[in-house]
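Sequences listed follow chains A and B, in order. If you use this note's numbering, the first sequence corresponds to residues 1 to 71, in order. If you use this note's numbering, the second sequence corresponds to residues 72 to 437, in order. Note that CB positions come from ideal geometry on N, CA and C, so glycine has one too. This report refers to the structure that appears directly beneath it.
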Amino acid sequence: MRIVVDLNRCLGYAQCVPLAPEVLQLQGEEALAYDPNPDDSQRQQVARAVASCPVQAIIAELDPPADRTTK
Amino acid sequence: MITHPLVADLVRTFKAQGRIVIVGASLAGLRAAEALRDEGFTGSLTIIGDEVHQPYDRPPLSKQVLKGWVPAGNTKLPRMRAIDADWRLGVAATGLDRDNREVLLANGDKVPYDRLLIATGVRSRAWFNPEEAKLKGLFTLRTCDDAAELHAALKARPKRVLIVGAGFIGSEMASVCRDLGLDVTVAERSSASLVGPLGGVIGDIAAKMQRDAGVDLRTGVAVEALKGDAGGHVRQAQLSDGTLLDVDVVVASLGSVRNIEWLEGAELAAGFWGVACDAGCRAFDINGVVTDNIFVAGDIARGPHVLYEYQFMAIEHVDAAGTGRPDRGAQHGQPRDRTSCAPAAAAVLVRPVRREHQGCRRVLLP
Numbered sequence: 001m002r003i004v005v006d007l008n009r010c011l012g013y014a015q016c017v018p019l020a021p022e023v024l025q026l027q028g029e030e031a032l033a034y035d036p037n038p039d040d041s042q043r044q045q046v047a048r049a050v051a052s053c054p055v056q057a058i059i060a061e062l063d064p065p066a067d068r069t070t071k
Numbered sequence: 072m073i074t075h076p077l078v079a080d081l082v083r084t085f086k087a088q089g090r091i092v093i094v095g096a097s098l099a100g101l102r103a104a105e106a107l108r109d110e111g112f113t114g115s116l117t118i119i120g121d122e123v124h125q126p127y128d129r130p131p132l133s134k135q136v137l138k139g140w141v142p143a144g145n146t147k148l149p150r151m152r153a154i155d156a157d158w159r160l161g162v163a164a165t166g167l168d169r170d171n172r173e174v175l176l177a178n179g180d181k182v183p184y185d186r187l188l189i190a191t192g193v194r195s196r197a198w199f200n201p202e203e204a205k206l207k208g209l210f211t212l213r214t215c216d217d218a219a220e221l222h223a224a225l226k227a228r229p230k231r232v233l234i235v236g237a238g239f240i241g242s243e244m245a246s247v248c249r250d251l252g253l254d255v256t257v258a259e260r261s262s263a264s265l266v267g268p269l270g271g272v273i274g275d276i277a278a279k280m281q282r283d284a285g286v287d288l289r290t291g292v293a294v295e296a297l298k299g300d301a302g303g304h305v306r307q308a309q310l311s312d313g314t315l316l317d318v319d320v321v322v323a324s325l326g327s328v329r330n331i332e333w334l335e336g337a338e339l340a341a342g343f344w345g346v347a348c349d350a351g352c353r354a355f356d357i358n359g360v361v362t363d364n365i366f367v368a369g370d371i372a373r374g375p376h377v378l379y380e381y382q383f384m385a386i387e388h389v390d391a392a393g394t395g396r397p398d399r400g401a402q403h404g405q406p407r408d409r410t411s412c413a414p415a416a417a418a419v420l421v422r423p424v425r426r427e428h429q430g431c432r433r434v435l436l437p
């Protein structure tokens with residue numbers, strides 16, 4: 001699974017952090033750090049984190065499109 | 072606006088049979104390709120990139136990757152849709168033949184195009200002294216290979232890291248070094264950190280934060296020379312205030328240089344500041360005339376900026392390349408984000424090109 005967080009949009013609401021703590025973490029008080037290539041076992045957590053973001057800054061590719069086969 | 076049936080027919084034909092070549096396989100190139108397919112382009116799409124890697128996200132390289140949480144190869148960009156492109160990765164474009172409409176590649180191949188998108192971006196500025204640049208232990212940070220090498224060097228616990236330049240990347244790297252418990256010196260020519268992008272007031276606050284975090288920040292100094300040991304590994308740095316610093320790792324964080332060399336001789340308005348284009352991302356030629364079939368996106372695009380009295384500027388920021396949410400504006404009922412160059416370029420690519428001049432409208436066909 002691949003994700004990217006648009007750090008320009010991210011305002012540090014941190015709604016995503018408790019929903020996917022292994023993937024999205026706060027660095028200091030408001031800077032978000034994330035794992036761009038989380039394990040597929042985190043799928044549900046990532047989907048919830050994406051939905052929780054008030055500014056929709058998290059972009060996730062939960063399933064690869066047909067023409068992308070390599071990890 | 073009513074489209075003439077003849078024009079509509081040509082657009083339909085181009086969308087089905089046209090050949091679009093994108094030079095640059097990073098964020099702008101990828102998002103442009105996705106936008107093209109979203110707009111209904113089903114013709115041939117070729118993406119050329121000098122790095123062997125699939126498009127990846129660069130911002131994590133100076134943060135999570137350097138710190139060691141995320142491996143350097145794990146920042147590949149999410150794909151928004153299938154793009155069915157012909158990928159030419161690991162081979163740089165070396166020339167542009169506009170007469171024959173071909174991109175020349177480093178391996179001698181020629182890739183023909185009907186429309187071209189230039190998205191070759193920037194590279195990090197190399198150390199100014201070519202002899203010293205060969206020293207082991209001297210790094211720059213732009214690509215994921217750079218990040219992998221620098222991470223390995225930091226993992227070896229150097230006694231002191233010297234970062235030259237306190238811009239965003241330099242400051243982030245200093246932060247990572249402190250997180251890793253490494254001694255780090257930052258040499259900055261201006262009066263504080265981040266003065267260039269954020270100004271003196273915020274710069275002073277940033278400098279205080281860095282010093283409080285244990286960064287040895289030295290302002291108002293330049294690094295004049297690097298000295299290596301017998302094995303060719305950097306060991307000392309000579310500062311302009313006369314200080315000689317013992318260092319094991321030096322990172323040159325000196326800003327970026329635009330990748331325009333391959334356009335030499337193509338007679339486009341390309342130079343130090345980027346490739347000039349209009350608000351619709353169409354490139355200008357050297358006479359200042361807008362081209363019909365060449366477009367520019369991402370870091371290298373230098374177009375009129377609405378917030379700065381339409382000065383021509385290149386915005387080296389991920390936002391200018393379109394971070395990748397095609398529905399971003401649409402869901403709020405707004406037109407597409409204007410700073411997202413790549414989707415804009417892609418939209419133009421599949422529409423008839425129009426020139427409006429002194430009240431007389433001329434339609435240039437694809």
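At a CB-CB cut-off below 8 angstroms, which residues of chain A make contact with LEU148(B)?
ARG2 and VAL4
Within-7 angstroms CB hit, GLN44(A) to chain B:
no
Measuring CB to CB, does ASP363(B) end up less than 7 angstroms from LEU339(B)?
no
Please report the straight-line C-alpha distance between GLY404(B) and GLN56(A), rounded to a whole angstrom.
For GLY404(B), the predicted model reports a pLDDT of 30, less than 50, meaning its position is unreliable and no value from the coordinates is stated.
In whole angstroms, what is the alpha-carbon distance linking VAL361(B) and GLU173(B)?
Pairing VAL361(B) with GLU173(B), the inter-Cα distance amounts to about 19 angstroms.
Continuous beta strand (DSSP E) stretch holding SER195(B): start and end:
193–195
Are the beta-carbon atoms belonging to ALA106(B) and ILE93(B) less than 7 angstroms from one another?
no
Give me the chain A residues within the contact set of GLN88(B), using Cβ-Cβ distance strictly less than 9 angstroms, ordered along the chain.
Chain A residues near GLN88(B): none, gap ~20 angstroms exceeds 9 angstroms.
Quick check on DSSP: helix, strand or coil for GLN125(B)?
Three-state result, GLN125(B): coil.
Return the chain-ordered list of same chain residues with a C-beta closer than 6 angstroms to the C-beta of ASP312(B), the five sequence neighbours on each side being excluded.
Around ASP312(B): VAL292.
Three or more C-beta pairs closer than 8 angstroms, one from the stretch 116–126 of chain B and one from the stretch 157–173 of chain B: is that the case here?
yes
N- and C-terminal bounds of the beta strand (DSSP E) containing PRO375(B):
372–376
Would you mind telling me which residues of chain B sit closer than 7 angstroms to ARG48(A), beta carbon to beta carbon, in chain order?
Within 7 angstroms Cβ-Cβ: nothing; ARG48(A) doesn't reach chain B, min ~17 angstroms.
Label VAL328(B) either buried or exposed according to how many other C-beta atoms from any shown protein chain fall within 10 Å of its C-beta, with 16 as the threshold for buried.
So VAL328(B) counts as exposed.
Spatial distance of LEU7(A) from ILE118(B) (CA atoms)
26 angstroms
Reducing DSSP to helix, strand and coil, say where TYR379(B) ends up.
helix
Is the CB-CB distance between ALA308(B) and VAL294(B) below 7 angstroms?
yes
So, helix, strand or coil for ARG83(B), using DSSP?
ARG83(B) falls in the helix class under three-state DSSP.
Assign HIS75(B) to one of three DSSP states: helix, strand, or coil.
coil
Output the residue ranges of the alpha helix (DSSP H) runs that lie fully inside the stretch 101–154 of chain B and measure 4 residues or longer, sorted by chain position.
135–138
Excluding five sequence neighbours on each side, which residues of the same chain lie with their C-beta closer than 6 angstroms to the C-beta of GLY285(B)?
ARG249
For GLY400(B) and chain A, any beta-carbon pair shorter than 7 angstroms?
Residue confidence is low: GLY400(B) scores 31 on pLDDT, short of 50, so the model does not pin down where it sits. Its coordinate-derived value is still stated next. So no, GLY400(B) is outside the interface.
Could you check the C-alpha separation between LYS298(B) and THR146(B) for me, to the nearest Å?
34 angstroms
In the DSSP assignment, the alpha helix (DSSP H) including VAL17(A) goes from what residue to what residue?
16–19
Could you please give the first and the last residue of the uninterrupted alpha helix (DSSP H) stretch that includes ALA49(A)?
43–52
Answer with yes or no whether the minimum CB distance from CYS10(A) to chain B is below 7 angstroms.
no
Checking 7 angstroms against the spacing of the C-beta atoms, do SER324(B) and ILE240(B) come in under that value?
yes
Quick one: residues in its chain with C-beta nearer than 7 angstroms to the C-beta of ILE154(B), no 5 flanking neighbours on either side, listed in chain order?
These residues qualify, in order along the chain: ALA104, GLU105, ARG108 and LEU116.
Exposed or buried, what is TYR34(A) when buried is set at 16 or more other beta-carbons lying within 10 Å of its beta-carbon?
Label assigned to TYR34(A): buried.
Can you find a C-beta in chain A that's less than 7 angstroms from the C-beta of ASP283(B)?
no
Using a Cβ-Cβ cut-off of 7 angstroms (strictly less than) and excluding sequence neighbours within five positions of HIS304(B), which residues of its own chain qualify?
LEU206, LYS207 and GLY208
Take every Cβ of the stretch 14–21 of chain A, pair it with every Cβ of the stretch 45–52 of chain A, and state whether three or more of those distances are shorter than 8 angstroms.
yes
Buried or exposed: which applies to PRO76(B), given that a residue is buried once 16 or more other Cβ atoms fall within 10 Å of its Cβ?
exposed
Identify the residues that DSSP records as bridge partners of SER327(B): which are they?
SER195(B)
Using a beta-carbon distance below 7 angstroms, is ILE59(A) in contact with chain B?
yes
Tell me whether LYS134(B) is buried or exposed, calling it buried when 16 or more other Cβ atoms sit within 10 Å of its Cβ.
buried
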